[in-house]
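S.K.: Numbering (the numbering used here), first residue to last: 166 to 342. Note that the Cβ used here is the ideal one computed from N, Cα and C, for glycine as well. Bear in mind the structure is a predicted one, so any value in this text is a computation, not a measurement.
1. Quick check on the DSSP output: what are the complete alpha helix (DSSP H) runs of length 4 or more inside the stretch 272-322, in order along the chain?
2. Report back the beta-carbon spacing between residue 262 and residue 311 to the nearest angstrom; my notes put them in contact at under 8 Å.
3. Ignore the nearest five residues each way along the sequence and tell me which others in residue 200's own chain have a CB closer than 6 Å to its CB.
4. Just reading off the beta strand (DSSP E) that residue 258 is part of, what are its end residues?
5. Name the residue from 340, 339, 320 and 187 whose alpha carbon lies nearest to the alpha carbon of residue 258.
6. What is the residue span of the alpha helix (DSSP H) that residue 194 lies within?
7. Buried or exposed: residue 206, going by 16 or more other Cβ atoms within 10 Å of its Cβ?
8. Is it right to say residue 296 is buried, meaning 16 or more other beta carbons lie within 10 angstroms of its own, or is it exposed?
9. Please work out which residues of its chain come closer than 7 Å, Cβ to Cβ, to residue 231, disregarding the five sequence neighbours upstream and downstream, and give them in chain order.
10. Use the C-beta contact count for residue 221: other C-beta atoms within 10 angstroms, 16 or more gives buried, fewer gives exposed.
11. Just confirm the distance between the C-beta atoms of residue 293 and residue 339, as a whole number of angstroms; I'd bet it's less than 8 Å.
12. Would you decide whether residue 184 is buried or exposed? Buried here means 16 or more other CB atoms lie within 10 Å of its CB.
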């Protein structure tokens, strides 16, 4: 792979795997939301992510939130980068219940994950959590992060079919904190 100047896009990258169908998107986002719910049973915040292979069917990994600096998406991306080649990860999709923060979007980018799909926007999360000390959201969208990368990471979201489900999990958790 060649190095490009900042702000330019790469056109020499391999394909980003199969394009997910709407049914696959909804199913995988529901899986990520279930991982988020499981994280709460372990005492963690309700965020979950899964990594799906280029076939858009094989779930390679899943990860719940750990703590304020080890978000589900960033932990998953780091472990994926240790276990798969960058070329393979470029064809994979990271599905996450809530839009990745700028740290998680950047980590997915550096791990070379080619597509990110999320259910609920960071802005809607803020509506659910309010000004909560345990979840100081940032007004930096993942779209903004990916638009400033040299590699064209595909971003899909929010997904209307799962927004209310993800919001329910978030509200249930944050109302008890």
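M.R.: A quick look at the data gives this:
1. 287-294 and 307-312
2. Indexing the chain shown from 1 puts residue 262 at position 97. Indexing the chain shown from 1 puts residue 311 at position 146. At roughly 18 Å, the Cβ-Cβ gap does not stay under 8 Å, so residue 262 and residue 311 are not in contact.
3. In the chain shown, residue 200 corresponds to position 35, counting from 1. Around residue 200: 213, 227 and 229.
4. Your numbering for residue 258 matches position 93 in the chain shown. Residue 258 -> beta strand (DSSP E) spans 258-263.
5. Counted from its first residue, the chain shown places residue 258 at position 93. Ranking the options by Cα distance to residue 258, first place goes to 320.
6. Residue 194 sits at position 29 when you count from the first residue of the chain shown. It spans 187-206 - the alpha helix (DSSP H) in which residue 194 sits, taken as one unbroken run.
7. As a first step, residue 206 is located in the chain shown; it is residue number 41 there, counting from the start. Answer is exposed; the Cβ neighbour count stays below 16.
8. For this step, residue 296 is matched to residue 131 along the chain shown. That one is exposed.
9. Counting from one through the chain shown, the residue named residue 231 turns up at place 66. Counting only Cβ-Cβ distances below 7 Å, and skipping sequence neighbours, we find 209 and 240.
10. As a working note, residue 221 is residue 56 in the chain shown. With 16 or more other Cβ atoms within 10 Å, it is buried.
11. Position 128 of the chain shown, counted from the start, is the residue given in the question as residue 293. Position 174 of the chain shown, counted from the start, is the residue given in the question as residue 339. Going by Cβ atoms, the distance from residue 293 to residue 339 rounds to 6 Å, so yes, they are a contact pair.
12. Taking the first residue of the chain shown as 1, we reach residue 184 at position 19. So residue 184 counts as exposed.
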